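Under this note's numbering, the first residue of the sequence shown carries the number 2, and numbering increases by one thereafter.
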Amino acid sequence: MTKSLWKRTRDTMSSFVVNNVAGESGRKLPQYIAGLAASGGALAAGTFLGWTSPAEIPLVRDSEYGFTITTEQFSWIGSMANLGAALMCFPIGIMMKLIGRKWAMLSMVLPLVLGWALIIWASNVAMLMVGRFFLGIGGGAFCIAAPTYTAEIAQSSIRGTLGTFFQLLVTVGILFVYGVGAAVNVQVLSIICGVIPIAFGLIF
Numbered sequence: 002m003t004k005s006l007w008k009r010t011r012d013t014m015s016s017f018v019v020n021n022v023a024g025e026s027g028r029k030l031p032q033y034i035a036g037l038a039a040s041g042g043a044l045a046a047g048t049f050l051g052w053t054s055p056a057e058i059p060l061v062r063d064s065e066y067g068f069t070i071t072t073e074q075f076s077w078i079g080s081m082a083n084l085g086a087a088l089m090c091f092p093i094g095i096m097m098k099l100i101g102r103k104w105a106m107l108s109m110v111l112p113l114v115l116g117w118a119l120i121i122w123a124s125n126v127a128m129l130m131v132g133r134f135f136l137g138i139g140g141g142a143f144c145i146a147a148p149t150y151t152a153e154i155a156q157s158s159i160r161g162t163l164g165t166f167f168q169l170l171v172t173v174g175i176l177f178v179y180g181v182g183a184a185v186n187v188q189v190l191s192i193i194c195g196v197i198p199i200a201f202g203l204i205f
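Spelled out as structure tokens, the structure:
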């Protein structure tokens, strides 16, 4: 009787393990898709991080926008994104708690689109600075919200893999801007970059 009970217990445990592993394998694909979609914000962040490199010479030397920008002013334009990101660190944590990780990320589409709009139609240095500030707000928020979201939706066996998506897409975004920026003017580049957060909002 003891042997029979042990056999039934062992068979039940084996069946549970097999079914559980199979179930986990079946649920991995949606996690990969969700993690990749969430990291779309990293692609948007990468574009504004890399934007200053192809934009500096056309804006400072060639006055492509039709108004003068000094080297010092351009350095401030670039730095405003860092200020926006720094100021958003604590508020995004509160937002994630109040409205959830996903909606916190979706709400950051607005400052990203607004930031690119200000840069696209800038008529003075101040508009460029404010635009970069809004980009920093959106990008800085994604740097906190996206990895948190990815870590929470992923099972332990693929959490490390999903965690690499964010940094990978940041790098892809930077390289994308370098490549496209070599072929088009700053305004067209900014328009292309502005489409990315909109696409993220539609997909995610």
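No residue lacks a Cβ here, since even glycine has one placed at the ideal position from N, Cα and C.
These numbers come from a predicted model, not from an experiment.
Throw me the rounded Cβ distance for the residue i and residue j pair, which I believe falls under 8 Å.
i: Thr151; j: Ala39; result: 6 Å
Here's the rule I'm using: 16 or more other beta-carbon atoms within 10 Å means buried, otherwise exposed. How should residue i be labelled?
i: Ser158; result: exposed
i: Pro112; result: buried
i: Gly36; result: buried
i: Arg102; result: buried
Sorted by chain position, which residues of the same chain lie with C-beta nearer than 8 Å to residue i's C-beta, five sequence neighbours on each side aside?
i: Val171; result: Ala43, Leu44, Ala46, Gly47 and Leu50
i: Trp7; result: Here the model assigns Trp7 a pLDDT of 47, short of 50, so the residue's position is not dependable, and the following value carries that caveat. Once the five neighbours on either side are set aside, Trp7 has no close Cβ partner at all.
Give me, in chain order, the residues of the same chain whose beta-carbon lies closer than 6 Å to that of residue i; leave out the 5 immediate sequence neighbours on both sides.
i: Ile78; result: Leu129, Met130 and Arg133
i: Gly116; result: Gly132, Phe135 and Leu136
Thinking C-beta only, is residue j closer than 8 Å to residue i?
i: Ala155; j: Ile93; result: no
i: Met109; j: Phe143; result: yes
i: Ala89; j: Gly174; result: Reading off the sequence, residue 89 comes out as Met, not Ala. In this structure, Gly174 does not lie closer than 8 Å to Met89 by Cβ.
i: Ile70; j: Ile121; result: no
i: Thr149; j: Met96; result: no
Might you give, ordered along the chain, the residues of its own chain that have their beta carbon closer than 7 Å to the beta carbon of residue i, omitting 5 neighbours on each side?
i: Val114; result: Gly195, Pro198 and Ile199
i: Pro59; result: Glu65, Asn186 and Val187
i: Asn83; result: Gly137
i: Leu107; result: Gly202 and Phe205
Taking the straight line between their C-alpha atoms, what separation do you get for residue i and residue j?
i: Pro31; j: Leu163; result: 12 Å
i: Val22; j: Met81; result: Below a pLDDT of 50, predicted positions are generally treated as unreliable, and Val22, at 38, falls in that range; no measurement from the model is reported.
i: Leu190; j: Asp63; result: 16 Å
i: Val126; j: Leu119; result: 10 Å
i: Tyr33; j: Ser54; result: 32 Å
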